[in-house]
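For the protein sequence lines, the chains are E and L, in the order given.
Residues 17 to 371 in this note's numbering are what the first sequence lists, from first letter to last.
Residues 410 to 697 in this note's numbering are what the second sequence lists, from first letter to last.
Even for Gly, the Cβ is constructed at its ideal location relative to N, Cα and C.
Note that the structure is a prediction, hence the values are computed from the model and not measured.
Presented below is the structure to which this report refers.
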Amino acid sequence: MALIRLDKLRHSYQAKPTRDADWAVKNIDLEWSDGGAYALLGPSGCGKSTLLNLISGLLRPTEGRIRFGERDVTALEPGERNIAQVFQFPVVYDTMSVFDNLAFPLRNRGVPEAQIKTRVDEIAAMLELTPTLHTRAAGLTADGKQKISLGRGLVRADVAAILFDEPLTVIDPHLKWQLRSKLKELHQRVGLTMIYVTHDQTEALTFANQVVVMLDGQVVQAGTPVELFERPRHTFVGHFIGSPGMNLLPCELSGGVPRFGGIAIETAAPVRSGVAAQRLEIGVRPEFVRFADSGVPVQVERVTDSGRFRIVYARHQEHAIKLLVGEGGEVPAERGHLKFDPRHTQVYADGWIAT
Amino acid sequence: MSTKTLNHKAWWLVAPVVALVAFNAVIPLMAVVNYSVQETFGNNQFFFEGVKWFDAVLHSQRFRDALGRQLLFTAIILAIELPLGVAIALAMPRKGIGLSLCLVLMAMPLLIPWNVVGAMWNIFALPDIGLLGHGLNALGFDYNYTRQPGSAWFTLIAMDVWHWTSLVVLLAYAGLSAIPDAYYQAARIDGASRWAIFRHIQLPKMKRVLTIAVLLRFMDSFMIYTEAVVLTGGGPGNATTLLSIDLVKIALGQFDLGPAAAMSLIYFLIILLLSWLYYTVMTKDDES
């Protein structure tokens, strides 16, 4: 059963959107199933936080519907949806103790005090907040406060999904990793749907089973981390995910075969017929490029060492090509030839995959 | 830790400030201290009297009455201006032209010279020709602030509320607008009621500015002189003779320099003590 279904969702912050650029979220259709761990990944201003706020109900969509299961929640207030949200900056109610903070959503819903106590104790134990339960929340560190924000979501028995809006932004680096593992662990333990907004690919790829990449108010690709890595649907996904990003090389088609600098390049699948584009590019990740005896002739410009492998910056005419060479791999001193792994070489027409 | 260079010449750098403060604060204050322990019969001859004037002031019924009126006045205006100011700040629009209009409107009473405020209300409240005074009488209230102590108090308080609530509004508004949106969003998700949002988010976040607002309003209202003296002159009788009005009567009306100086110092110490007490209590648990 699909838990969250977005149906032709559009949102604009303007009263009367006219131009395409007025839309913060442009026509999104998505389905998220129950109990999954999802990430919304994209650069700042791509609309990912807007999308999150639409799902939690903090924003009303200009057009389209949102369904949780069979229930249409488009017109419901956030408090009436079975959803919780954790924000970028930790929100705690300063004057309350940690216990009262966690109890707050339940008290607002009129849950009996005895039941609240059991539930809060349980959640506090899960989040390792028990020792500080009766101290003032204002005195906690940022990661402690963020745990409280998360706890206020977990404590509600009706919550089926928790949304995270870049929750680790203000957390110290060494605690980020801990808190992220905690989230992962909680996800497995309580089986809630979790949707995690971030612009950090590492966070997205380590947290989620399914990553939705957004650009400019649109979903460019939704898939597993492996799919995003091996077969980006759009050149944006190619260079946004992976470090260093995908090589994109201009090419032309002759007889359905892509040619780069006059050299025919083998691809995973044949280029779709009838592709007529302004801009044709070959996309291949540095991981899938290697030195060979023949192929694309290049000049080696620079090599940097990043531990387990070296990044080689090569050049064919004016086109830069990056490749990774593992430990023990040979790097020619000046000139060499490059081969692209055909299984991981794609052609993009105006940015979109065409193979 | 770095070791600091010890150079006593640096004291010269603060000398100009010390001189300035000495001229505008320390010297006048010490002059008052000087008067407060001496007696004079004119001719510029002074005799040391010790704490006689302090003793006299503290035991005088007149001083106690004025202090009582002063405390009552301050308590009443704080009880009105604070909740009213917060309520107006909460009701103000958050953005757009409405906000600018409100801010200008709110700032206006604060920009009017104090004696003008007094004169305005003096005329406004006149029972025969003033809009307020005439209006109240036309509505059937027996209102005459120059004759009835109750009416005089009502007018005095109304004037202060009109003049100074804006200050509370502006401070409270500043406190409110510093609350990040995420707090309101979290509260909506937590299902908080309007009252719970006020009680657990807005009020705690406004605490610091409201502390300052109370402190400012306490000090200013405790020292109120100009508006009150222009409006009622302390009357009818002594009904609205607040501490400062009484002080001026003693110092400049009767020219009793010794008692006036002693009273000034007591007056000053009361304000200092209450302000310090209040501020210490309010900021006690703010350490973190």
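- Under 9 Å between C-beta atoms of G352 of chain E and F307 of chain E: Yes; because the gap between Cβ atoms is below 9 Å, this pair is in contact.
- What first and last residue would you give for the alpha helix (DSSP H) that runs through P241 of chain E? Taken as a continuous stretch (DSSP letters only), the alpha helix (DSSP H) holding P241 of chain E covers P241 to E246.
- Task: Output the residue ranges of the alpha helix (DSSP H) runs that lie fully inside the region 495-581 of chain L and measure 4 residues or longer, sorted by chain position.
- Result: Counting whole runs of 4 or more residues, the region 495-581 of chain L contains the alpha helix (DSSP H) stretches 506-516, 523-533 and 540-547.
- Task: Enumerate in chain order the residues of its own chain whose CB-to-CB distance from I621 of chain L is below 7 Å, with the five nearest sequence positions on each side excluded.
- Result: Once the five neighbours on either side are set aside, the close Cβ partners of I621 of chain L are L580.
- Buried or exposed by the 16-neighbour rule on C-beta atoms within 10 Å, applied to H417 of chain L: Answer is exposed; the Cβ neighbour count stays below 16.
- Item | Straight-line Cα distance separating T483 of chain L from L683 of chain L | Cα to Cα, L683 of chain L sits roughly 12 Å from T483 of chain L.
- Below 8 Å between beta carbons is the criterion; list the residues of the region 575-601 of chain L that meet it against any residue of chain E, in chain order. Correct list: P589, A591, Y592, Q594, A595, R597, I598, D599, G600 and A601.
- Which residues mark the beginning and the end of the beta strand (DSSP E) in which N449 of chain L is found? In the sequence as presented, Asn is not what sits at residue 449 of chain L; that position holds Thr. Where T449 of chain L is concerned, the enclosing beta strand (DSSP E) stretches over Q447 to T449.
- Helix, strand or coil: how does DSSP classify F256 of chain E here? Looking at F256 of chain E - three-state DSSP - the assignment turns out to be helix.
- Message: Would H572 of chain L and I521 of chain L be called neighbours here (beta carbons separated by less than 9 Å)?
- Response: Yes, they are a contact pair.
- Test item: CB-CB of L57 of chain E and F245 of chain E under 9 Å: At a Cβ-Cβ threshold of 9 Å, L57 of chain E and F245 of chain E do not count as neighbours.
- Item | Residues that T209 of chain E bridges to, as DSSP identifies them | In the DSSP output, where bridge partners are listed per residue, T209 of chain E has E:A177.
- Item | DSSP state of H332 of chain E mapped onto helix, strand, coil | Of the three classes helix, strand and coil, the one that applies to H332 of chain E here is strand, per DSSP.
- Item | Where P94 of chain E meets chain C, residues with beta-carbon distance less than 7 Å | The chain inventory of the structure shown lacks chain C, comprising the protein chains E and L.
- Query: Where do the N-terminal and C-terminal ends of the beta strand (DSSP E) with S469 of chain L fall, by residue?
  - Reply: Element bounds for S469 of chain L: n/a, residue is neither H nor E.
- Message: Quick check on G73 of chain E - is its C-beta less than 9 Å from some C-beta in chain L?
- Response: Cβ-Cβ to chain L under 9 Å: yes for G73 of chain E.
- Element boundaries [beta strand (DSSP E), containing D36 of chain E]: Run containing D36 of chain E: none; DSSP gives neither H nor E here.
- Message: Please return the same chain residues whose Cβ sits closer than 7 Å to the Cβ of P518 of chain L, not counting the five positions on each side in sequence.
- Response: Within the same chain, W571, H572 and S575 come within 7 Å of P518 of chain L by CB-CB distance, once the 5 residues on both sides are set aside.
- Query: If L535 of chain L and G542 of chain L are in contact, beta carbons under 8 Å, what's the gap, nearest whole angstrom?
  - Reply: The pair is a contact, with the Cβ atoms about 5 Å apart (cut-off 8 Å).
- Got a sec? Which residues, its chain only, sit under 7 Å from G63 of chain E by beta carbon, not counting five neighbours each side? When the five nearest sequence neighbours on each side are left out, the beta carbons in the same chain lying within less than 7 Å of the beta carbon of G63 of chain E are those of A40, V41, M230 and G233, in order along the chain.
- What residue from E:F105, E:G277 and E:Y212 has the CA that sits closest to A158 of chain E's CA? Relative to the Cα of A158 of chain E, the nearest Cα in the group E:F105, E:G277 and E:Y212 belongs to E:F105.
- Is the CB of I82 of chain E under 9 Å away from at least one CB in chain L? No, I82 of chain E lies away from the interface with chain L (no Cβ there is under 9 Å from its Cβ).
- Cβ neighbour criterion (16 or more within 10 Å) applied to D36 of chain E: Per the 10 Å Cβ criterion, exposed.
- Residue-chain proximity (P121 of chain E, chain L), Cβ-Cβ < 9 Å: Closer than 9 Å to some Cβ of chain L, the Cβ of P121 of chain E qualifies, so yes.
- Message: Determine whether the beta carbon atoms of Y29 of chain E and M210 of chain E lie at a separation below 9 Å.
- Response: For Y29 of chain E and M210 of chain E, no; Cβs fall outside 9 Å.
- Bridge-paired residues (DSSP) for K200 of chain E: Its beta-bridge partners do not exist; DSSP assigns none.
- Query: Can you find a C-beta in chain E that's less than 9 Å from the C-beta of K614 of chain L?
  - Reply: Taking a beta-carbon distance threshold of 9 Å, K614 of chain L counts as an interface residue toward chain E.
- Message: Could you tell me which whole alpha helix (DSSP H) segments of length 4 or greater appear in the region 58-120 of chain E?
- Response: Taking only runs of at least 4 residues, the alpha helix (DSSP H) segments lying wholly in the region 58-120 of chain E are 64-72.
- Query: Given that a residue counts as buried once 16 or more other Cβ atoms are within 10 Å of its Cβ, and exposed if not, what is P59 of chain E?
  - Reply: The residue is exposed, with fewer than 16 neighbouring Cβ atoms inside 10 Å.
- Ignore the nearest five residues each way along the sequence and tell me which others in S630 of chain L's own chain have a CB closer than 8 Å to its CB. Excluding positions up to five away in sequence, the list reads F482, T483, I486, L487, D569 and W573.
- Query: Quick one, are the C-beta atoms of E346 of chain E and A330 of chain E less than 9 Å apart?
  - Reply: One thing to note: E346 of chain E has its Cβ no nearer than 9 Å to the Cβ of A330 of chain E.
- From V442 of chain L to W523 of chain L, what distance separates their C-alpha atoms? Roughly 29 Å between the two C-alpha positions.
- Task: Counting only runs of 3+ residues fully inside the region 260-318 of chain E, write out the beta strand (DSSP E) ranges in chain order.
- Result: Listed in chain order, the complete beta strand (DSSP E) runs (minimum 3 residues) inside the region 260-318 of chain E are 263-266, 268-270, 273-276, 296-300 and 305-308.
- Please confirm if I610 of chain L has its CB atom under 9 Å from at least one CB of chain E. Yes, I610 of chain L counts as interfacial toward chain E.
- Exposure of N452 of chain L, with buried meaning 16 or more beta-carbon neighbours within 10 Å: With fewer than 16 other Cβ atoms from the protein chains shown falling within 10 Å of its own Cβ, N452 of chain L counts as exposed.
- Message: Assess contact between the region 235-243 of chain E and the region 187-200 of chain E, defined as three or more Cβ pairs (one per stretch) separated by less than 8 Å. Is contact present?
- Response: Note that the region 235-243 of chain E does not touch the region 187-200 of chain E; fewer than 3 beta-carbon pairs, one per stretch, sit closer than 8 Å.
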